[in-house]
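Let me begin by presenting the structure, written as structure tokens, before commenting on it.
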Amino acid sequence: MVSEFETVRDENIIPDYIKNYVPDEPENSVDVFTSPKEKSSPDSRLAEAEAAREEAKKREEMEHQEAMAKYEKLYEKFKKSIPKK
């Protein structure tokens, strides 16, 4: 004998209103799973990456110049501290 539960399970009844459910999305909804950068086009991402690379290059050059200036000051101080014969 087949129980009522087994019959329902075997038929796999899902009401139409559940099968056809589409959630409402307001026009000003925010997609929290996708950041704005992911939505941008590949060209704009490429341009952003290039700009970031140039900025890093400039920053590295400035740091190098500052380090060289400190080195030169220390070297001049060292040269002056050596006693002359």
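Under full-length UniProt numbering, the residues of the sequence shown are numbered 1 to 85, in order. Even for Gly, the Cβ is constructed at its ideal location relative to N, Cα and C.
Query	Result
Where SER41 sits in the DSSP three-state scheme	coil
C-alpha distance - GLU76 paired with GLU48, whole-angstrom precision	42 Å
DSSP state of LYS85 mapped onto helix, strand, coil	coil
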